[in-house]
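**Student:**
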Amino acid sequence: MNNGNLLRKKLAEPGIILSSGVYDCFSAKIAEKPGFQVIFTTSGFENLTSFKDYKEIIDIKKYQELEEKVTTWKPSS
Numbered sequence: 028m029n030n031g032n033l034l035r036k037k038l039a040e041p042g043i044i045l046s047s048g049v050y051d052c053f054s055a056k057i058a059e060k061p062g063f064q065v066i067f068t069t070s071g072f073e074n075l076t077s078f079k080d081y082k083e084i085i086d087i088k089k090y091q092e093l094e095e096k097v098t099t100w101k102p103s104s
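Counting the sequence shown from 1 gives a position; our numbering is that position plus 27.
#1: Determine the extent of the beta strand (DSSP E) in which glycine 48 is found, giving its start and end residues.
#2: I'd like the span of the alpha helix (DSSP H) that includes isoleucine 57, first residue to last.
#3: Do you know offhand how far alanine 39's Cα is from tryptophan 100's?
#4: Given this structure, state the Cα-to-Cα distance separating serine 46 from isoleucine 66, to the nearest angstrom.
#5: With the cut-off set at 8 Å, would you say valine 97 and alanine 58 are in Cβ contact?
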């Protein structure tokens, strides 16, 4: 099941969804630890990417590079 379907399923369930806003790889990893059911980014997303302006984020290659950084980030030992 993809992430969109997982979110739809979670939203359809009764009750409150425990969620947290995240701003970068580090805060996303922190949000995983206490068991947040959903994490999301905000309009501050373009600030964390280090791109010069919002138009550059739309470039799919750069977006894929960012996604790769987020999904493969590991804390330093």
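Idealized CB from N, CA, C, for every residue including glycine.
**Tutor:** Let's see:
#1: 46-49
#2: 52-59
#3: 31 Å
#4: 5 Å
#5: no
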